[in-house]
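The structure appears below as structure tokens.
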Amino acid sequence: MTKILDGKVVNEKIAEQLRTEIAKRGTRPKLVIIQVGDVPESNAYIGRKKAFGQKIGAEVKLKRFPETISQKELVGQIIVYNRDPQYHGIIVQMPIPKSLDKDQIIDSISPQKDVDGLTSINLKLLWENRKEGHIPATTKGILTLLDYYKIPIAGKHVVVVGRSFLVGKPTALAFLNRDATVTITHSKSKNLPSITKTANILVVAAGKAKLIGRNHVSSGQVVVDVGINVVNNQKLETRNQKPGTEPHDRKIVGDVDFESVRKIVTAITPVPGGIGPMTVASLFENLLETYKSQT
Ligand code: NAD
């Protein structure tokens, strides 16, 4: 029978561990989430982070700025939080308006407070496989979920679909650091099924609903679906659809055609309830690390 890799169960276990550890310490870790503009999906993600923080006894402050904020002003605000010892972690919620230089903004976060693990310094530490850095939350969540279900990584062939800065690249690197043999595919890769079928572990982070179907997988595989796509019953639509065109009966699906793929593979993550809850839990594991290093 196909094993469902349940991120909600592991999220609960991590929450319990973090809650116990924070309760023992007497003081609380504090995270600030910086939001620029008002993207509805960001509001949903921020809501989940706040709820998880509350559950474990961490403080989560949301600091909102208008879309019109200048680069200089935003960087200045981040520097204020870098210097404020009350805050142990800083997140800039993506996406931010295109008018802002994302890389410069991320790099203005102190690496010691970078719980998303996306500053150049933390990415370099991941690149070098050094333990003192913070691993990007989604990547960390994928590895923690596989470890929880005792799925071996070393020596396995891992195929990552997607090469983004946020998910694909750091995830491929983290698997390499765990001694996997890694292949990265992307939108220009030719004959995707011939590559994905050779994976022992297939990680999909493309943002395309039903990209991976029965022809892309083979028996014995472990499939990790990172995608989050909004769809309705008639027509598949990605999260990039225009505001106001969202269907009434919207639901969230991954990049993998779950029902047909689950019949073939050994283990698979559901969407929702797979990597999403793992990402949130991993973010707060990173917060606990930054908090410990600052107190
Ligand atoms: P992105 O748009 O930055 O990158 C998508 C990547 O997929 C690109 O590298 C592109 O080359 C590749 N791609 C697109 N079409 C492809 C195709 N037909 N074949 C092969 N590769 C293809 O997106 P992202 O930020 O990496 O996010 C990917 C998905 O993961 C999105 O649905 C996003 O919402 C989701 N996501 C989920 C979590 C979570 O916690 N579960 C966290 C972050 C992102």
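Take any residue in the sequence shown, count from 1 to its spot, add 3: that is its number in our numbering.
Think of the CB as a built atom: it goes at the ideal place given N, C-alpha and C, for glycine as much as any other residue.
This structure is a prediction, so every number in the text was calculated from the model and none was measured.
Output the boundary residues of the beta strand (DSSP E) element that contains Leu65. As a first step, residue 65 must be located in the sequence shown, where it is residue number 62. Per DSSP, Leu65 belongs to the beta strand (DSSP E) from 62 to 68.
Selected residue, minimal CA-CA separation from Gly223, among Pro173, Asn203, Val233: Locating residue 223 in the sequence shown gives position 220, counting from the first residue. Answer by Cα proximity: Asn203.
Contact defined as beta carbons within less than 8 Å: I believe Val283 pairs with Lys52. What is the distance between those atoms, to the nearest angstrom? What you label residue 283 is simply residue 280 of the sequence shown in a count that begins at 1. What you label residue 52 is simply residue 49 of the sequence shown in a count that begins at 1. Yes, they are in contact, since the Cβ atoms of Val283 and Lys52 sit about 6 Å apart, within 8 Å.
So, for Pro250: in the same chain, excluding its five sequence neighbours on each side, which residues have a beta-carbon less than 6 Å away from its beta-carbon? Mapped onto the sequence shown, residue 250 falls at position 247. A caution first: Pro250 carries a pLDDT of 49, below 50, which makes its placement in the model too unreliable to give a value.
What residue range does the beta strand (DSSP E) around Lys33 cover? Locating residue 33 in the sequence shown gives position 30, counting from the first residue. Per DSSP, Lys33 belongs to the beta strand (DSSP E) from 33 to 39.
Rounded to whole angstroms, what's the CA-CA distance from Met4 to Ile267? Just pull it up for me. The residue you call residue 4 lines up with position 1 of the sequence shown. The residue you call residue 267 lines up with position 264 of the sequence shown. When rounded, the distance between both Cα atoms is 10 Å.
Let's test the definition: count the other Cβ atoms within 10 Å of the Cβ of Ala54 and tell me whether it reaches 16, buried, or not, exposed. For the purposes of this step, residue 54 is identified with residue 51 of the sequence shown, where counting begins at 1. Classification for Ala54: exposed.
Are there any heavy atoms of the ligand NAD lying less than 8 Å away from the beta-carbon of Arg22, as far as the coordinates show? As a working note, residue 22 is residue 19 in the sequence shown. Checking the Cβ of Arg22 against the ligand NAD gives no.
Report yes if the C-beta distance between Val185 and Val162 is below 9 Å; otherwise report no. To locate residue 185, count along the sequence shown from 1; it is residue 182. To locate residue 162, count along the sequence shown from 1; it is residue 159. Result yes, Cβ atoms of Val185 and Val162 sit closer than 9 Å.
Could you tell me whether any Cβ in chain B is nearer than 9 Å to the Cβ of Ile267? The structure shown contains no chain B, having only a single protein chain.
For Gly29, does the count of other Cβ atoms within 10 angstroms reach 16, so buried, or fall short, so exposed? The residue given as residue 29 occupies position 26 in the sequence shown. The residue in question, Gly29, is exposed, as its Cβ has fewer than 16 Cβ neighbours within 10 Å.
Buried or exposed for Thr293, going by 16 or more other Cβ atoms inside 10 Å? If you number the sequence shown from 1, residue 293 lands on position 290. Buried is the call here.
According to the Cβ coordinates, are Ile124 and Ile37 closer than 9 Å? The sequence position of residue 124 within the sequence shown is 121, counting from 1. The sequence position of residue 37 within the sequence shown is 34, counting from 1. Cβ atoms of Ile124 and Ile37: not closer than 9 Å.
Run of the alpha helix (DSSP H) containing Gly92, from where it starts to where it stops: Translated into positions along the sequence shown, residue 92 becomes position 89. Boundaries for Gly92: no alpha helix (DSSP H) harbours it, while the beta strand (DSSP E) harbouring it runs 92 to 95, taken from the DSSP string.
Tell me the DSSP secondary structure of Asn194 in three-state form. The residue given as residue 194 occupies position 191 in the sequence shown. Coil, per DSSP.
Quickly, what does DSSP pair Ala270 with across the bridge? List them, please. Position 267 of the sequence shown holds residue 270. Ala270 is bridged to Lys6, Val225.
Glu269 to Lys6, Cα distance in whole Å? Indexing the sequence shown from 1 puts residue 269 at position 266. Indexing the sequence shown from 1 puts residue 6 at position 3. The displayed chain sequence assigns Thr, not Glu, to residue 269. Taking the straight line joining both Cα atoms gives about 6 Å.
CB of Val161 to nearest heavy atom of the ligand NAD: below 8 Å? As a working mapping, residue 161 is identified with position 158 in the sequence shown. Checking every heavy atom of the ligand NAD against the Cβ of Val161, none is found closer than 8 Å.
Let me check you understand the geometry: is the CB of Ala209 closer than 8 Å to at least one non-hydrogen atom of the ligand NAD? Position 206 of the sequence shown, counted from the start, is the residue given in the question as residue 209. Within the cutoff, so yes.
What are the boundary residues of the alpha helix (DSSP H) that includes Val83? In the sequence shown, counting from the first residue as 1, residue 83 sits at position 80. Start and end: 74 to 86.
Proximity test, Met281 beta-carbon vs the ligand NAD heavy atom, cut-off 8 Å: Counting from one through the sequence shown, the residue named residue 281 turns up at place 278. True, at least one ligand heavy atom lies under 8 Å from that Cβ.
Would you mind working out which of Ala209, Val13, Arg22, Thr142 sits nearest Lys153, comparing C-alpha positions? Working through the sequence shown from its first residue, we reach residue 153 at position 150. Lys153 has its Cα closest to that of Val13, out of Ala209, Val13, Arg22, Thr142.
Pick out whichever of Thr141, Leu286, Pro280 has its Cα sitting closest to the Cα of Lys172. Working through the sequence shown from its first residue, we reach residue 172 at position 169. Taking only the C-alpha atoms, the option nearest Lys172 is Thr141.
In this structure, how does DSSP classify Leu205 when only helix, strand and coil are distinguished? Here residue 205 refers to the residue found at position 202 of the sequence shown. Three-state DSSP puts Leu205 in a strand.
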